[in-house]
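Report on the following structure.
Protein chains: 2
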Amino acid sequence: MGSPDFAAPGFSATTALLTDHYELTMLGSALADGTAARPCVFEVFARRLPDGRRYGVVAGTARALDAIADFRFTDAELAQLESTAVVDDATLAWLADYTFSGDIDGYPEGELYFPGSPLLTVRGTFAEAVVLETVLLSIFNHDSAIASAAARMSGAAHGRPIIEMGGRRTHEYAAVAAARASYLAGFATTSNLEAGRRYGIPTRGTVAHAFMLLHDSEEEAFRAQVAKMGADTTLLVDTYDITAGVETAVRVAGSELGAIRIDSGDVGVLARKAREQLDSLGAKDTRIVVSGDLDEHAIAALRAEPVDAYGVGTSVVTGSGAPTAGMVYKLVEVDGRPVAKRSTHKESRGGRKFALRRHRETGTAVEEVVYPATAAKPELGEHDRELQIPLVRDGVTVDGLPTLEDSRQRLRKALVSLPWEGLKLSHGEPAIPTVFL
Amino acid sequence: MGSPDFAAPGFSATTALLTDHYELTMLGSALADGTAARPCVFEVFARRLPDGRRYGVVAGTARALDAIADFRFTDAELAQLESTAVVDDATLAWLADYTFSGDIDGYPEGELYFPGSPLLTVRGTFAEAVVLETVLLSIFNHDSAIASAAARMSGAAHGRPIIEMGGRRTHEYAAVAAARASYLAGFATTSNLEAGRRYGIPTRGTVAHAFMLLHDSEEEAFRAQVAKMGADTTLLVDTYDITAGVETAVRVAGSELGAIRIDSGDVGVLARKAREQLDSLGAKDTRIVVSGDLDEHAIAALRAEPVDAYGVGTSVVTGSGAPTAGMVYKLVEVDGRPVAKRSTHKESRGGRKFALRRHRETGTAVEEVVYPATAAKPELGEHDRELQIPLVRDGVTVDGLPTLEDSRQRLRKALVSLPWEGLKLSHGEPAIPTVFL
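Going line by line, the protein sequences match chains A and B.
The first sequence: position 171 = 171 (UniProt numbering), numbered continuously.
The second sequence: position 295 = 295 (UniProt numbering), numbered continuously.
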């Protein structure tokens, strides 16, 4: 879970300025009047799921812990803050010594969450905890939005592999995190080479239409590709005429051809025709990969078609209609007292909270129980489980946190535990209710 | 327009792996069969605008040129590619020497674009140009999506300043680019400190509700803030009861109070009531800042209300319903011959193209004219202008490219040139037609 030890693009010496201005002006005022040292508890949660979604997937925890470890104000950051007069000298001096020294608990990555689930709890002084708000929310809001969308796609694909190929449709570093979140949510591979480097995710890719157009004919392009990559490659057959493309592909690569890819048109109809054609040409084991503006609904609609793998781009990196998870970072406790904003429509519950999920004997989830840390712990049934785990103690990330592969497995199991309505793609209510004790 | 000279978070030694796997496997095959050296032209364009949008705003050019300059394969990148067997030794050797040596022309940042506008033209060998596809599209698709949404908000705000405060709602580095794109599109300031450092954008911020809750009372919080920041600050008045909050704010800060902020509820109604109350308390110059889930429609709906500034978050960093601009990077010319994919529904036009925009004598734009580089240049009327400018020559970024401030001014003028229907927020057709000669 630690940072890789090489200087890669986007890896930062420090994450300290990925921060809203007001975090530091608040800090300055709180240092001046002495409230900065008050022990506080902040919680990350989502008031609601994106419109019609039935569950959310926690993602970003490992990246968030790395960002906290890298949250330091070096001379470069301090000089910037000084020259722009964001804070005064006393605050600069405090920031120069900043390292987070508190405790963090949270849902492990790959866990499901529902409205109000306390998916991260940060305890420390006001000063040390408030400045982390922006970067923590950026990471959780992005990564969880992508993982939540990707999990729906993985479910719709029903075991068929999905390759994430949306890097070009989102910010170049968001792309890397999106590849990670998609993989966590069950995607098989990614096209993103940086995600391969940072997270060890398997990367895949063959050719684009540009490769076809570069050559004097489709056949020459196929021959060049097969000569280089062998017959067990994926030939892109829809540059000119798909039927001719399939015929040429099998003629060039033989019946050992690994796969064909169809990237345009009505891919369901085209896949069926291509399957018949491939079979008639003796290429019975040649797989069919489809891509081109697929989302979870399009994937589901292709379930009956002879499709072996999906390439998904835009829809997954933009969260399929929900590009942000809507999580907030709320101060819930000061000096041991619960606190909460009392405005009309943004209800918050004060006080530190724990959470557990109740299940039937069959393993099906029944409800999310969120209860005050001050209350007696509700009795845990045999199939129930507590949801938070320790992540940071005295500023140090705890050892042995789940790996990306662990999180992938966790999500797979968690999705199986949902009531079946919870897996429907249509708009609906959260799959299980959140009960606040 | 060059990279800053400090090692800041997210600044990268190299951008080379922000790349789809298939760019490098295509390269490998093309190096093997000799086609890699063919002179090629790639164009970046959008087939269509996001659903119902009337114009797009070009943003990302400066970041894209920086990314090209940083596109190098150092030992770290080569080792990763070798260990994962993405390419063979000959390709690795070629990548080790990679620097882009071709020419790039494009629309300047802040220019408007329409369906088919050739907003970037990359000329070079197939090999050197194809590998840039992913990172260029990531940058243009993200930054242009944000700038296009932000421009609508700036228009709706009708001169009232907008602060961008959405960093927490998107990936932590996308946030920095989003602040830049919003500023380009007319936003006044940002909350994002890293955007302040990288791009010199003015940053602003005061306090969040956490600061209010940290204190034993609203009055204590206000006193702490005013003591630290002076009376000319913005007090957040909606933590408990807005009417009481406004009264306390003026009592604490006096009629010199800079501003109040309202972040929840029906901000139009609340702003009107707060204005009356402030006036009655003698705080006639105290401004009213509103925030909380504002988008261009909400901003427009507040035009008649006594609002002095807007804080905008989620909607701008997610492109207000269009989080990606849908731009593509297409091979249009090989060895001087036009090339184009011939599939049914993704029409492309082969051959390098230029573009100009025609205007009436009044300065109102009439049409976007896209014409083949091989054709005679259409006659330019007095009010017409050519749209591409040279960006890179022989691999070197040309001197004197527009600054961020220049681009901001360019967009302001370009928006004035649109027919008035083009500025409507409702769904519609592109503000001017694209004519292909």
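Just so you know, even glycine gets a beta-carbon here, dropped at the ideal spot from N, CA and C.
Bear in mind that the values here come from a model prediction, so they are computed numbers and not experimental data.
| Check | Outcome |
| --- | --- |
| From the DSSP secondary-structure annotation, give me the bridge partner or partners of M327 of chain A. | A:A46 |
| Whole angstroms are fine: how far does the CA of L401 of chain B sit from the CA of G381 of chain B? | 25 Å |
| Grab me the residues of H158 of chain B's own chain with a C-beta within less than 7 Å of its C-beta, minus the 5 sequence neighbours each way, in chain order. | R303 |
| Taking Cβ positions, are S144 of chain B and G167 of chain B nearer each other than 8 Å? | no |
| If you run the structure through DSSP and keep just helix, strand and coil, what is T206 of chain A? | coil |
| Taking contact to mean 3 or more Cβ pairs, one atom from each stretch, closer than 8 Å, check whether the segment 255-273 of chain A and the segment 327-344 of chain B are in contact. | yes |
| Using a Cβ-Cβ distance cut-off of 8 Å, determine whether M165 of chain A contacts chain B. | yes |
| Since E368 of chain A contacts V435 of chain A with CB under 8 Å, what's their CB separation in whole angstroms? | 7 Å |
| Starting from the Cα of A177 of chain A, find the closest Cα among A:R197, A:R160, A:P161 and give me that residue. | A:R197 |
| Which of the three DSSP states, helix, strand or coil, is assigned to G10 of chain B? | Its pLDDT being 43, under 50, G10 of chain B is placed unreliably by the model, and nothing is read from it. |
| In the DSSP assignment, what residue or residues form a beta bridge with A376 of chain A? | A376 of chain A is not bridged to any residue. |
| If we cut at 8 Å on Cβ distances, does M229 of chain B have a partner in chain A? | yes |
| If we cut at 8 Å on Cβ distances, does H142 of chain B have a partner in chain A? | yes |
| Tell me where the alpha helix (DSSP H) around T234 of chain A begins and ends. | Note, T234 of chain A: premise wrong, no alpha helix (DSSP H); beta strand (DSSP E) at 234-236. |
| For A7 of chain A, which residues in the same chain have their Cβ closer than 7 Å to its Cβ, ignoring the five residues on either side in sequence? | Note on A7 of chain A: pLDDT 39, under 50, position unreliable in the model; the coordinate value appears next. Contacts found: none. |
| Would the segment 44-63 of chain A count as touching the segment 402-422 of chain A if we require 3 or more Cβ pairs under 8 Å? | yes |
| So who's on the other strand from Y113 of chain B, going by DSSP bridges? | B:G56 |
| Would you mind stating whether A174 of chain A and A174 of chain B have Cβ atoms separated by less than 8 Å? | yes |
| Pull up the distance between the alpha-carbon of M1 of chain A and that of A46 of chain A, whole angstroms please. | For M1 of chain A, the pLDDT reaches just 31, beneath the cut-off of 50, and the residue's location in the model is therefore unreliable, leaving the point undetermined. |
| Of all the alpha helix (DSSP H) runs that stay within the bounds of the segment 66-141 of chain B, which reach a length of 4 or more residues? | 75-83, 89-96, 126-130 |
| Name the chain B residues whose beta carbon is nearer than 9 Å to that of L270 of chain A? | Simply none; closest approach about 10 Å. |
| Take H215 of chain A and list the residues in its own chain whose beta-carbon comes closer than 7 Å to its own, dropping the five residues that flank it on each side. | A221, A224 |
| What are the boundary residues of the beta strand (DSSP E) that D248 of chain B is part of? | Here residue 248 of chain B turns out to be Thr, not Asp, going by the sequence shown. No beta strand (DSSP E) holds T248 of chain B; the alpha helix (DSSP H) holding it covers 242-253. |
| With a threshold of 7 Å on Cβ separation, who are the neighbours of L356 of chain B within its own chain once the five nearest residues in sequence on each side are excluded? | V369, P378, L380, D384, R385, E386, L387 |
| Below 8 Å, can you find three or more Cβ-Cβ pairs linking the segment 125-133 of chain B to the segment 309-327 of chain B? | no |
| In terms of alpha-carbon separation, which member of A:F140, A:G422, A:D232 lies closest to G319 of chain A? | A:F140 |
| Can you give me the Cβ contacts of T248 of chain A inside the same chain, cut-off strictly under 7 Å, excluding the 5 residues immediately before and after it? | E218, E219, F222 |
| For chain A, check one thing: does any of its Cβ atoms lie closer than 8 Å to the Cβ of D33 of chain B? | yes |
| Could you list which residues in chain B have their beta carbon closer than 9 Å to that of Y98 of chain A, in chain order? | Result: empty, since nearest Cβ-Cβ is about 14 Å, beyond 9 Å. |
| Am I right that E82 of chain A and T14 of chain A are in contact with their C-beta atoms under 8 Å? What's the rounded C-beta distance? | Not confirmed; about 16 Å, so no contact. |
| List, in chain order, every chain A residue whose beta-carbon is nearer than 7 Å to that of P323 of chain B. | T318, P323 |
| For Q409 of chain A, count neighbouring C-beta atoms within 10 Å of its own C-beta (all shown protein chains included) and say buried if the count is 16 or more, exposed if not. | exposed |
| Is L425 of chain A helix, strand or coil by DSSP? | coil |
| Give the DSSP bridge partners of K413 of chain B, in chain order. | Answer by DSSP bridge pairing: none, since K413 of chain B is not bridged. |
| Comparing alpha-carbon positions, which option in A:A36, A:T189, A:V207, A:A208 lies nearest Y199 of chain A? | A:T189 |
| K228 of chain A lies in the alpha helix (DSSP H); which residues open and close that run? | 218-229 |
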